[in-house]
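The structure appears below as structure tokens.
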Amino acid sequence: MYFPTDVLDGDVVVIRAHGRLNMLTAPRLERTLQYALGNGNTRIVLDLSEVEFLDSTGLSVMILGMKEARGGGGDLRLVAPGPQPSLVLQLTKLDRVLLAFDDVTAAWAA
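Here the sequence shown is numbered in the working numbering, starting from 51 and rising by one per residue.
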């Protein structure tokens, strides 16, 4: 799995995930996040609209990315998590920390 990225307004990085975000694919997401953060991009949107499955490994990578982004004065925000990823976020109560929005524009308008 690869994670296509786009840069909006010069400083918001949108990372698009798809399929399963699990122990096999999470390391690639981590590298993508580290690359963006290493380039000074601390405003990150993770588009989960095409993610059908999220496990604890994927969740860990998102939390680490959020902490690093916030440490640099930014944030990591989620877009359109589907039913299973939303359930995982709710059960772990991380939906209170990893904020989710309907679309990319809404993620930074809030």
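Heads up, the beta-carbon is just placed ideally off N, CA and C, and yes, glycines get one too.
query, result
"With distances taken Cα to Cα, identify the nearest neighbour of residue 113 among 91, 157 and 83.", "83"
"Using three-state DSSP, classify residue 56 as helix, strand or coil.", "strand"
"Report the three-state DSSP secondary structure of residue 115 (helix, strand or coil).", "helix"
"Residue 137 lies in the alpha helix (DSSP H); which residues open and close that run?", "133-141"
"Can you tell me where the alpha helix (DSSP H) with residue 159 in it begins and where it stops?", "154-159"
"Give every residue of the same chain whose Cβ lies closer than 8 Å to the Cβ of residue 86, excluding the five residues on either side of it in the sequence, and list them in chain order.", "55, 63, 65 and 94"
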